[in-house]
Structures are given as structure tokens and as C-alpha cells.
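Engineer: Protein chains in written order, with the numbering used here: chain L, 79 to 375; chain S, 44 to 360. Where is the CB? At the ideal position from N, CA and C, for every residue including glycine. Sharing a structure below in C-alpha cells format, with a few things to ask.
See below:
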């Protein structure tokens with residue numbers, strides 16, 4: 079037996095004695111392996127300072143970086159999903175919901191807010207990928223419908239930030255019908271002459287892409303985001319050959335003609351502000367942000 | 044005849060019947076009494092098997108190789124049909140067909156998924172999986188219908204929109220999204236029937252309508268039971284469970300208020316008596332179109348959008 083061989087099988091250190099740096103202090107870039115502190119990452123708007131990889135962030139972060147002084151009001155925050163079909167796979171849907179709520183401190187995979195971007199009012203509906211993969215269920219569909227109605231009534235532009243694996247299977251056809259529901263509501267928004275900006279972030283796939291995400295008057299994405307209808311694995315299995323390089327990245331989707339532009343996170347606020355200035359929609363009444371809510375941090 | 048797994052007892056009875064007839068012919072024996080007995084048994088067995096189908100069995104029936112597809116119904120229902128081709132941008136998709144038709148005196152535009160009736164044609168039709176140009180052809184025809192004030196009839200029967208490289212490059216997602224957006228506001232009536240498989244975005248891409256019905260042995264869901272099993276159970280072996288969990292049958296869909304009703308099929312499924320099925324469908328279509336034609340344009344669009352507006356279940360805290 080070689081001197082380097084283990085004398086005993088398996089790892090002998092108990093989990094509680096395992097020595098690791100605490101989570102959340104350091105960021106290790108999954109693209110370029112660059113390491114920096116989480117503080118540095120946040121100061122750089124959660125973009126890797128070395129390779130500009132745009133990490134996935136949540137609705138609170140987007141609200142904070144978009145709205146003037148990071149201040150906004152949440153809308154329709156009283157909606158919650160429930161297990162209407164008693165859906166059970168390896169785990170009951172109800173348990174998935176409970177653990178997602180606990181883990182994320184959110185009620186579902188979308189939050190809607192109103193605030194100002196360079197002094198212009200804007201309604202932003204933003205997904206949270208950490209909540210069951212940003213999946214679209216009844217709550218998301220209802221929030222988009224309510225946001226659309228609110229945008230029409232107040233004559234305030236709407237922005238939807240997508241970050242989703244697609245429809246929520248555990249709500250079966252209810253989730254499928256949210257595609258029709260949201261698209262139908264957006265057709266009313268278009269008729270009312272209110273601009274709709276769709277912002278597709280990593281990842282935007284499935285029923286979300288095949289409904290509201292592709293329906294923007296302006297479609298914008300972040301660099302390097304995965305955008306598609308079918309997921310790359312499904313396509314690969316279907317056609318049984320390798321996928322082209324950069325396939326389904328935002329750069330690729332821009333080339334194939336389905337995006338207006340790709341905007342880096344540091345330029346997002348300015349770009350949205352410019353768009354709002356050019357569209358120049360006058361709100362029907364003064365938008366008063368009654369109880370200004372500061373961003374999460 | 045093609046028998047499905049759950050129809051095994053029927054297959055056995057048919058075999059008995061065949062053997063009996065053979066014996067009768069060869070031996071010159073009168074077997075008519077026994078024949079009638081077996082035929083009665085077949086009828087009873089069929090009734091029994093079909094009286095309580097599971098979700099998975101309905102999925103199997105919806106995919107029965109002898110099941111009638113869109114063009115069969117079109118041929119039986121219309122006294123005249125002119126198929127129109129192409130999306131005017133890229134190509135003519137063979138997985139979605141469409142054209143101008145006359146159902147008795149009612150002029151219509153018909154769109155629908157089309158599957159092939161044999162191995163060669165199944166490939167030609169891409170197994171009913173449309174590319175973006177299919178959805179865009181359907182939209183072009185719907186806009187044609189709008190201009191000439193013709194109601195739209197849509198037949199849904201797809202295992203899904205095609206997941207391919209070119210489909211993505213040409214904007215599969217955008218094509219479906221655009222259809223939903225335009226169909227919501229279309230000024231003419233839209234009447235939809237799920238005649239086979241209603242798989243997800245590929246189905247709803249031509250499936251937003253004033254009224255949506257499902258034939259009795261079909262399914263409609265956000266995902267196929269096989270893919271659902273693979274994603275949620277991490278294995279392909281749970282398709283039966285997935286089919287139950289997804290509540291994808293016409294009865295469930297009707298109960299949930301996500302469709303407007305179920306159209307009864309002949310005993311043994313649409314393929315057991317396609318002509319009877321076409322006849323039922325035709326009278327159903329005529330009745331529904333007459334009702335939809337009576338509603339004013341603005342009111343009809345509002346009712347259509349409000350119907351979808353109310354789909355979804357959630358709680359308020």
C-alpha cells in the first residue's frame with residue numbers, strides 16, 4: 079500500500095467541525111473565477127468587477143438601482159399563491175411554497191412597485207428567480223394584470239423585468255392561461271397608448287418569453303442573459319447535435335432581431351430615464367408616493 | 044385496428060371473434076349465436092373501459108394513430124375549403140394548416156395544427172410541432188378573417204411548439220406571444236377546439252378565443268406529462284402520476300373554468316367513428332358561431348379579455 083493512501087475510508091471530520099468561510103462574505107465569479115468581497119460586488123451593482131458578468135439579482139435590488147434615491151412604493155403586495163390543485167410531485171406544492179417564502183422572504187416570484195426614474199413615474203413589475211425559479215403562476219399573472227390596469231388608469235409607463243424558467247407546472251393550466259391573460263391585458267395597454275418596456279434578464283425562458291416578455295414596445299436585455307423559448311437542454315435532446323456558440327444569449331437574440339438593445343446594469347437607470355423622456359407620457363393625476371419605502375438594504 | 048394498452052381486454056375479445064369466424068368458415072358451422080355473444084361482450088367491455096378513463100389514458104387516446112386530425116374534420120365539415128399557404132415572410136409551415144371554408148352557408152377562416160396520417164406524412168408535418176412561420180401563417184389568416192369579417196375556427200392538436208435551433212432564431216417565443224396579443228383584440232369571433240393534444244405554448248399560440256372547447260378524449264396542460272415527470276420527478280417513469288397531478292382532462296379543465304365545455308366523442312373515441320365525430324363537431328360549431336355572431340364587436344372583445352382576466356387562483360393576505 080502506498081504511503082499516500084487513506085488508512086480509513088470516508089471523510090472523518092464531522093460536518094459541524096468543517097472549516098469554511100461563512101457564506102456571503104466573498105463572491106467567487108462563476109464565469110472568470112475572480113474573487114472579491116460581497117461589498118465590492120454590491121458597489122459594482124452585482125456585476126463582476128473583473129469580467130463584467132451580470133450576476134442574478136432580485137426585485138428589491140432592481141428597484142433600488144432604478145428608482146430615484148432608491149425609493150418606491152410596493153403595489154398589490156397582498157397576493158399569495160396557494161395550492162389550488164393539491165399538486166404533489168416529489169414534494170407537495172404547498173411545501174415548496176412555504177420553503178420558498180421562508181428562504182426568500184417574498185410572497186411570490188414577482189413584486190410590483192411604483193417610483194420615479196429621473197423624476198418620471200414608472201411602474202416596475204419584477205421577478206425573483208430565487209422564488210421557485212421565478213416561475214409564472216396565478217399570482218404573477220394577476221400582478222401583471224393589476225399593474226397594467228393601474229398603468230392605464232394613472233397613465234404611467236410599465237416596465238416588466240423578467241427572470242424566469244417559465245410557467246409554474248404546479249399550477250398546471252392555470253399557469254398556462256396566464257400567458258393569455260397577460261398578453262390580453264398588454265393589448266389593452268397598447269391601445270391606451272402607454273409604453274411598455276420589457277427587460278429580459280438571465281434567464282428568460284418558456285411561457286414567460288412566449289407571452290409578455292417578447293411583447294415590449296421596447297425589448298431590452300442585460301449582457302450574457304439566457305433568452306429563449308425552449309431550454310437549451312431540450313433543444314439539444316430533440317435535434318441531437320451541439321448548439322451554436324452563444325446560442326440563446328442576449329447578444330445572439332439581438333442579432334436575430336428580437337431585442338432593441340443590450341444595456342449594462344450601470345447604464346440601466348439612464349437608459350430607462352431617456353426612454354421615459356422621449357415617450358413623455360403625462361400621468362393622469364399627480365403620482366404621490368405616499369409612504370416612501372426605501373430599498374431592502 | 045390499433046389497440047392501446049388499456050384496451051387489451053378488447054383486443055382479446057376481437058381476437059376471439061376473428062378465430063370464431065375462421066372456424067365457422069372453415070368448418071361450415073353456424074357461429075352466429077356465439078358471434079353475437081362476443082359482440083355484446085365487446086360493447087359492454089368498451090363501455091366499461093371508457094366510462095372512467097384516467098388522465099394518462101386520455102393522453103394516450105389523444106395520440107391514437109387513427110385519430111382524425113384537422114384536415115379530416117375540415118373535409119367533412121366544409122362543403123368548400125381552399126387551403127392557403129405561407130406566412131409571407133419565411134416559409135409555409137406544414138404543421139399548421141389554414142384556409143377559407145364554407146360550413147353550409149357560414150363562411151369561415153380555419154386554422155389548425157396538422158399531424159401526418161402515416162410515417163412519411165408524420166415527418167412531413169413535423170409531428171404537429173409548428174415553427175414560428177406556422178404561428179405567423181395562422182396570424183396572417185386571422186388578420187385576413189378580420190378584414191373580411193369572417194369568424195375564425197381553430198383546431199388545436201400539438202405535442203408542443205418545435206424546440207429547434209432555427210425555431211429559436213426565427214423567434215418561436217415572439218411568434219406565440221404576438222398571436223396571443225393579436226387574438227385578444229381580433230374583431231371577429233374566435234372559436235377553438237382541442238381535438239387532440241393541447242401542449243402548452245404551442246397549443247395556446249392558436250388557442251385564445253371567445254369560446255374554447257375540448258373533445259372528450261383530449262388533454263390541455265402547461266406541459267406534457269412526460270416532460271413534467273422528467274423535470275419534477277427527475278425520471279421519465281412518472282408520466283401517469285404527472286398526468287393525474289396536472290389535471291389535464293377536459294372534465295378537469297371545465298371544472299376549473301379554463302374552458303367553456305366538453306364535446307362528447309363516440310364510444311371508443313373519435314377514431315372509433317370519425318364520421319359521427321365530425322357530424323357532432325359540425326353541429327356544435329354551427330350553434331356556437333351563431334351565438335357568437337350575435338354579439339357586437341366591442342362587447343365580444345371585452346368579454347373575451349375579461350374571461351382570461353379572471354383566470355387564476357390566489358389568496359389575499
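First and last residue of the beta strand (DSSP E) that includes residue 243 of chain S?
Structural biologist: For the purposes of this step, residue 243 of chain S is taken as residue 200 along the second chain, with counting starting at 1. From DSSP, residue 243 of chain S is part of no beta strand (DSSP E) but of the alpha helix (DSSP H) over 243-247.
Engineer: Does residue 203 of chain L have its Cβ less than 8 Å from a Cβ in chain S?
Structural biologist: Within the first chain, residue 203 of chain L is the residue found at index 125, counting from 1. Answer no: the Cβ-Cβ gap between residue 203 of chain L and chain S never drops below 8 Å.
Engineer: Could you tell me the alpha carbon to alpha carbon distance between residue 266 of chain S and residue 263 of chain L, rounded to whole angstroms?
Structural biologist: On the second chain, residue 266 of chain S is found 223 positions in, with the first residue counted as 1. On the first chain, residue 263 of chain L is found 185 positions in, with the first residue counted as 1. Each residue's alpha carbon lies about 23 Å from the other.
Engineer: Three-state secondary structure (DSSP) at residue 395 of chain L?
Structural biologist: Limits of chain L in this structure are 79 at one end and 375 at the other, which puts residue 395 of chain L out of reach.
Engineer: State the beta-bridge partners of residue 114 of chain L as determined by DSSP.
Structural biologist: By one-based count along the first chain, residue 114 of chain L stands at place 36. DSSP lists L:105 as partners of residue 114 of chain L.
Engineer: Does residue 52 of chain S come out as helix, strand or coil in the three-state DSSP assignment?
Structural biologist: Position 9 of the second chain holds residue 52 of chain S. Here residue 52 of chain S sits in helix by DSSP.
Engineer: Mind the definition here: the region 217-226 of chain L touches the region 339-355 of chain L only if three or more C-beta pairs lie below 8 Å; say whether that holds.
Structural biologist: In short, these stretches do not touch, since the Cβ pair count stays below three.
Engineer: Give the C-beta separation of residue 227 of chain S and residue 204 of chain S to the nearest angstrom, bearing in mind that I take them to be a contact with Cβ-Cβ under 8 Å.
Structural biologist: As a first step, residue 227 of chain S is located in the second chain; it is residue number 184 there, counting from the start. As a first step, residue 204 of chain S is located in the second chain; it is residue number 161 there, counting from the start. Incorrect: roughly 19 Å between the Cβ atoms, too far for contact.
Engineer: Could you spell out the range, first to last residue, of the beta strand (DSSP E) harbouring residue 111 of chain S?
Structural biologist: As a first step, residue 111 of chain S must be located in the second chain, where it is residue number 68. That residue, residue 111 of chain S, is in no beta strand (DSSP E); it is neither H nor E in DSSP.
Engineer: Beta-carbon separation of residue 216 of chain S and residue 288 of chain L under 8 Å?
Structural biologist: By 1-based counting over the second chain, the position of residue 216 of chain S is 173. By 1-based counting over the first chain, the position of residue 288 of chain L is 210. Cβ atoms of residue 216 of chain S and residue 288 of chain L: closer than 8 Å.
Engineer: In this structure, does DSSP put residue 339 of chain S in helix, strand or coil?
Structural biologist: Counting from 1 along the second chain, the entry for residue 339 of chain S is found at position 296. It is coil, neither helix nor strand.
Engineer: Measure the C-alpha to C-alpha separation of residue 341 of chain S and residue 230 of chain S and round it to an integer number of angstroms.
Structural biologist: As a first step, residue 341 of chain S must be located in the second chain, where it is residue number 298. As a first step, residue 230 of chain S must be located in the second chain, where it is residue number 187. If I take the Cα positions, the gap works out to 8 Å.
Engineer: If distances are taken between C-alpha atoms only, which option among S:258, S:294, S:221, S:335 comes closest to residue 314 of chain S?
Structural biologist: Numbered from its first residue, the second chain carries residue 314 of chain S at position 271. It is S:258 whose Cα lies nearest to the Cα of residue 314 of chain S.
Engineer: Let me confirm a value: residue 311 of chain S is counted as buried when at least 16 other C-beta atoms fall within 10 Å, else exposed. Which label applies?
Structural biologist: Mapped onto the second chain, residue 311 of chain S falls at position 268. Buried, since its Cβ has 16 or more Cβ neighbours within 10 Å.
Engineer: Classify residue 347 of chain S as buried or exposed, calling it buried when 16 or more other Cβ atoms lie within 10 Å of its own Cβ.
Structural biologist: Numbered from its first residue, the second chain carries residue 347 of chain S at position 304. Buried, since its Cβ has 16 or more Cβ neighbours within 10 Å.
Engineer: Quick one: complete beta strand (DSSP E) runs, 3+ long, within the region 294-346 of chain S?
Structural biologist: Runs of the beta strand (DSSP E) inside the region 294-346 of chain S: 304-306.
Engineer: In terms of residue numbering, what span does the beta strand (DSSP E) encompassing residue 72 of chain S cover?
Structural biologist: As a first step, residue 72 of chain S must be located in the second chain, where it is residue number 29. Residue 72 of chain S -> no beta strand (DSSP E), and no H or E assigned at all.
Engineer: Indicate whether residue 280 of chain L and residue 308 of chain L have their beta-carbon atoms separated by less than 8 Å.
Structural biologist: Taking the first chain and counting its residues from 1, one reaches residue 280 of chain L at position 202. Taking the first chain and counting its residues from 1, one reaches residue 308 of chain L at position 230. No; because the gap between Cβ atoms is not below 8 Å, this pair is not in contact.
Engineer: Mind listing the chain S neighbours of residue 252 of chain L? Cutoff is C-beta to C-beta under 9 Å, in chain order.
Structural biologist: The sequence position of residue 252 of chain L within the first chain is 174, counting from 1. Result: 265, 299, 301, 354, 355, 356.
Engineer: Quick check: is the beta carbon of residue 259 of chain L nearer than 8 Å to any beta carbon in chain S?
Structural biologist: Here residue 259 of chain L refers to the residue found at position 181 when the first chain is read from its first residue. Chain S contact via Cβ: present.
Engineer: Compile a chain-ordered list of the residues in the region 272-302 of chain S whose CB is closer than 9 Å to at least one CB of chain L.
Structural biologist: Hits within the stretch, in order: 272, 274, 275, 276, 277, 281, 284, 285, 288, 289, 290, 291, 295, 296, 299, 301, 302.
Engineer: I need the straight-line Cα distance from residue 355 of chain S to residue 215 of chain L, nearest angstrom please.
Structural biologist: Here residue 355 of chain S refers to the residue found at position 312 of the second chain. Here residue 215 of chain L refers to the residue found at position 137 of the first chain. So the two alpha carbons sit approximately 8 Å from each other.
Engineer: Looking at the secondary structure, which residues open and close the beta strand (DSSP E) in which residue 299 of chain L lies?
Structural biologist: On the first chain, position 221 is the one that residue 299 of chain L refers to. Unbroken beta strand (DSSP E) run through residue 299 of chain L: 296-299.
Engineer: Report all residues from its chain with a CB closer than 7 Å to the CB of residue 114 of chain S; omit the five preceding and five following residues, and keep chain order.
Structural biologist: By 1-based counting over the second chain, the position of residue 114 of chain S is 71. Excluding sequence neighbours, residue 114 of chain S sits near 140, 157.
Engineer: Quick check on DSSP: helix, strand or coil for residue 171 of chain S?
Structural biologist: Your numbering for residue 171 of chain S matches position 128 in the second chain. Three-state result, residue 171 of chain S: helix.
Engineer: Please determine, among S:196, S:245, S:209, S:239, the residue with the shortest C-alpha to C-alpha distance to residue 255 of chain L.
Structural biologist: Position 177 of the first chain holds residue 255 of chain L. Taking only the C-alpha atoms, the option nearest residue 255 of chain L is S:245.
Engineer: Under the three-state reduction of DSSP, which class applies to residue 157 of chain S: helix, strand or coil?
Structural biologist: For the purposes of this step, residue 157 of chain S is taken as residue 114 along the second chain, with counting starting at 1. Note: residue 157 of chain S maps to coil in three-state DSSP.
Engineer: Does the beta-carbon distance from residue 293 of chain L to residue 242 of chain L come in below 8 Å?
Structural biologist: Walking along the first chain from the start, residue 293 of chain L turns up at place 215. Walking along the first chain from the start, residue 242 of chain L turns up at place 164. No, Cβ-Cβ distance for residue 293 of chain L and residue 242 of chain L is not below 8 Å.
Engineer: Using C-beta distances below 7 Å, list every residue in its chain close to residue 183 of chain S, excluding the 5 sequence neighbours before and after it, in chain order.
Structural biologist: Residue mapping note: residue 183 of chain S aligns to position 140 of the second chain, counting from 1. Result list for residue 183 of chain S: 130, 131, in chain order.
Engineer: Cβ atoms of residue 192 of chain L and residue 153 of chain L: under 8 Å apart, would you say?
Structural biologist: Residue 153 of chain L sits at position 75 when you count from the first residue of the first chain. Residue 192 of chain L sits at position 114 when you count from the first residue of the first chain. Taking 8 Å as the Cβ cut-off, residue 153 of chain L and residue 192 of chain L qualify as a contacting pair.
Engineer: Going by beta-carbon coordinates alone, are residue 297 of chain L and residue 276 of chain L separated by less than 8 Å?
Structural biologist: Taking the first residue of the first chain as position 1, residue 297 of chain L is located at position 219. Taking the first residue of the first chain as position 1, residue 276 of chain L is located at position 198. In contact: residue 297 of chain L and residue 276 of chain L (Cβ atoms closer than 8 Å).
Engineer: Quick check: is the beta carbon of residue 328 of chain S nearer than 8 Å to any beta carbon in chain L?
Structural biologist: The residue given as residue 328 of chain S occupies position 285 in the second chain. Judged by the 8 Å Cβ criterion, residue 328 of chain S is not in contact with chain L.
Engineer: Closer than 8 Å between beta carbons: that is the criterion. Which residues of the region 140-164 of chain S meet it against chain L?
Structural biologist: Residues passing the 8 Å Cβ filter: none.
Engineer: Do you know how far the Cα of residue 126 of chain L is from the Cα of residue 111 of chain L?
Structural biologist: The residue given as residue 111 of chain L occupies position 33 in the first chain. The residue given as residue 126 of chain L occupies position 48 in the first chain. Spanning the two alpha carbons is a distance of roughly 10 Å.
Engineer: Under 6 Å Cβ to Cβ from residue 119 of chain L, same chain only, skipping five residues before and after it: list those, please.
Structural biologist: For the purposes of this step, residue 119 of chain L is taken as the residue at position 41 of the first chain. So the list reads 105, once near-sequence residues are dropped.
Engineer: With DSSP collapsed to three states, give me the class of residue 374 of chain L.
Structural biologist: By one-based count along the first chain, residue 374 of chain L stands at place 296. The predicted model places residue 374 of chain L with a pLDDT of 42, which falls under 50 and marks its position as unreliable; any figure quoted below should be read in that light. The answer is coil: DSSP assigns residue 374 of chain L none of H, G, I, E or B.
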